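Peer 1: Got a structure for you, written out below as structure tokens; questions coming shortly.
Numbering (my numbering), first residue to last: 60 to 464.
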């Protein structure tokens, strides 16, 4: 306008500032959507990985049988490649039109009602959706073909050996990848707490999204899911009455954490004898717990459990619960030791007298809990995605009403 109409800069000066303000608002408004999109893509990728894992596991027996009978890799590629190609081809043809229809119908959502007047969004047929569908189809084709062929590493005997002795520890736990992700998540949380925002740079220019902090919600959900993967097998073995490993873990964590924390708290108050009393009570709890686990007679075990309860009650009376102290959570774990032992003995008794369908189901889950873990992790990610979607929707709605930015 300024080039075609000399002197129009006076009229368009306010327009430029309004456009800059609109651009800044649009930048800050898309940050929640980027977070939501990141979590959504991560959940879809995890679902894809889980599907591939189950597909490989299901076809492993057939592939091992074919390999035992002399079928080569090329023949298996032809056999499974035709099926995968047909499935992928149908999806590639239909997906762009479904995407265009979904985008057009999005105009009827409440968020676009003011702009579209309740009608559909205008869409234009372009090659971009078809190229994206081709790329996704090629990826899905490779996922459907390559992992099953790589999973056929041996014949039928090797397959039956692997099925009879399923791995107890996945590679994520074997190499402590979940603990490494937990440390990284803690560092990202500390950085986010220090910054207090997802953007970096100046306030009105050179503002950009910090991609490292953008993946923080995904990493937090993944860490929670991986930690649950460690706890879930212990819960299953505990509920089936097979192993009291969960009780041992809670007892060890409570005693190891409480002893130094309580001693340090008493020493800070310049009361060394009280610190000695606290450590002596905790030592008594540990001794009674060890004796109860080593006991083979039910009556003697019950006696030691009662002694544990008395020692725990003495410690709580000596050091009452205080939510502001660091000893609060370890004290709660200490209180849970005796109920968990009683619950495990009850679960063990129920497993012996329960119906066959229940006892066999618990035994099967306790024998190979990893095959159920992936589905529960997916449920955790989907729940986190739903909560984040609700939060982002409320934030955008509030931002649209109040015009805070």
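We put the beta carbon where it would ideally sit given N, CA and C, even for glycine.
Just so it is clear, the structure is predicted and the values come from calculations on it, not from any experiment.
1) Pick out whichever of 230, 234, 276, 123 has its Cα sitting closest to the Cα of residue 245.
2) DSSP three-state label for residue 332, please.
3) Compute the Euclidean distance between the alpha carbons of residue 261 and residue 90, then round it to the nearest angstrom.
4) Take the Cβ of residue 203 as the centre, count every other Cβ of all protein chains shown within 10 Å, and call the residue buried at 16 or more, exposed below.
5) In terms of residue numbering, what span does the alpha helix (DSSP H) encompassing residue 361 cover?
6) Going straight from the alpha carbon of residue 286 to that of residue 431, what length do you get?
7) Using beta-carbon positions only, say whether residue 182 and residue 159 come within less than 8 Å of one another.
8) Please state whether DSSP places residue 299 in a helix, a strand or coil.
9) Report back the beta-carbon spacing between residue 381 and residue 374 to the nearest angstrom; my notes put them in contact at under 8 Å.
10) Take residue 151 and list the residues in its own chain whose beta-carbon comes closer than 7 Å to its own, dropping the five residues that flank it on each side.
11) Please list the terminal residues of the continuous alpha helix (DSSP H) segment that includes residue 142.
12) Hey, how far is the Cα of residue 5 from the Cα of residue 232?
13) Please give the ranges of any alpha helix (DSSP H) in the segment 384-431, keeping only runs that are unbroken, at least 4 residues long and fully inside the region.
14) Look at the alpha carbon of residue 326 and the alpha carbon of residue 394, and state the distance between them as a whole number of angstroms.
15) Out of 92, 93, 106, 94, point me to the one whose CA is closest to residue 441's CA.
16) Taking the straight line between their C-alpha atoms, what separation do you get for residue 433 and residue 405?
17) Find the nearest neighbour of residue 291 within the set 427, 354, 414, judged by alpha-carbon distance.
18) How about the segment 333-348 and the segment 443-451: do they share at least three Cβ pairs that are nearer than 8 Å?
19) Does the separation of the CB atoms of residue 309 and residue 399 fall below 8 Å?
20) For residue 100, which option in 340, 278, 189, 303 has the closest C-alpha, if you only look at C-alpha atoms?
21) Of the choices 392, 294, 366, whose alpha-carbon is the least far from that of residue 316?
22) Find the nearest neighbour of residue 324 within the set 296, 354, 383, 367, judged by alpha-carbon distance.
23) Thinking C-beta only, is residue 337 closer than 8 Å to residue 322?
24) DSSP on residue 1, reduced to helix/strand/coil?
25) How many angstroms separate the CA atom of residue 122 from the CA atom of residue 135?
26) What does a CB cutoff of less than 6 Å around residue 390 pick up in its chain, not counting 5 residues either side in sequence?
27) On the CB-based measure, 16 or more other CB atoms within 10 Å of its CB, does residue 126 come out buried or exposed?
28) Once you ignore the five residues that flank residue 397 on each side, which residues in its own chain have a CB closer than 8 Å to its CB?
29) Ends of the alpha helix (DSSP H) at residue 233?
30) Taking only runs that begin and end inside the segment 170-199, name each unbroken alpha helix (DSSP H) of 4 or more residues, in chain order.
31) Assign residue 296 to one of two classes, buried (16 or more other C-beta atoms within 10 Å of its C-beta) or exposed (fewer than that).
32) For residue 324, report the span of its alpha helix (DSSP H) as first-last.
33) Measuring only the C-alpha atoms, how far is residue 448 from residue 248?
34) Look at the Cβ atom of residue 111, then the Cβ atom of residue 206, and state whether they are nearer than 8 Å.
35) Under 7 Å Cβ to Cβ from residue 450, same chain only, skipping five residues before and after it: list those, please.
Peer 2: With the structure as the only source:
1) 276
2) helix
3) Confidence in residue 261 is poor, its pLDDT being 47 and thus under 50, which makes the residue's placement too unreliable to answer from.
4) buried
5) 357-377
6) 15 Å
7) yes
8) coil
9) Not confirmed; about 14 Å, so no contact.
10) 192, 193, 196
11) 132-164
12) Only positions 60 to 464 of the chain appear in this structure, which leaves residue 5 out of reach.
13) 387-412, 415-426
14) 24 Å
15) 106
16) 28 Å
17) 427
18) no
19) yes
20) 278
21) 392
22) 383
23) yes
24) Outside the displayed range of the chain (60 to 464) lies residue 1, so it cannot be described from this structure.
25) 8 Å
26) 380
27) buried
28) 364, 367, 368, 371
29) 230-233
30) 172-175
31) buried
32) 304-327
33) 20 Å
34) yes
35) none
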